[in-house]
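The next block holds one structure in the form of structure tokens; read it before the comments.
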Amino acid sequence: MKMYQNIMETIVEEQYDELKDSLDCCTCAQCRSDMIAFALNQLPTRYVATSAGGTISKADSLRIQHMTDIRTALIKASKIVKDSPRH
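Take the sequence shown: its letters are residues 67 to 153, numbered as in the working numbering.
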């Protein structure tokens with residue numbers, strides 16, 4: 067069992083779930099994975115080694131600018147996936 071986690075993955079997945087209906091593109095499993103992977107590659111990683119660290123780091127990541135950056139990355143990802151879907 068690994069003792070660390072990039073909590074940005076969880077945050078981006080949560081934001082994708084909130085935005086998916088407004089992205090105007092396919093939301094099949096392949097397209098979802100492509101969009102999330104693209105967005106994660108545009109964002110800084112946030113590794114934590116404890117659940118307490120995850121809570122603190124997640125709270126820090128939820129600041130307005132971070133959320134704007136995450137949503138912007140997902141919107142860019144949706145445009146790329148929409149133009150060239152791999153499903």
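Just so it is clear, CB atoms sit at the ideal spot from N, CA and C, and this is done for glycine as well.
query, result
"By the 10 Å Cβ neighbour count, where 16 or more other Cβ atoms means buried, how is R112 classified, buried or exposed?", "buried"
"Verify whether the separation of the beta carbon atoms of V78 and I136 is less than 8 Å.", "yes"
"Going straight from the alpha carbon of A115 to that of M74, what length do you get?", "13 Å"
"Is DSSP giving Y113 helix, strand or coil here?", "strand"
"Note down the Cα distance separating H132 from S144, rounded to an integer number of angstroms.", "18 Å"
"In chain order, what residues of the same chain lie with their CB nearer than 7 Å to the CB of K86, ignoring the 5 residues before and after it?", "T93"
"Thinking C-alpha only, which one of E80, T76, L140, C97 is nearest R152?", "C97"
"Hey, quick one: how far does the alpha helix (DSSP H) through R168 stretch, first residue to last?", "Lying before the first or after the last residue shown, residue 168 is absent from the chain, which here runs from 67 to 153."
"For D83, is the classification buried or exposed, using 16 other Cβ atoms within 10 angstroms of its Cβ as the cut-off for buried?", "exposed"
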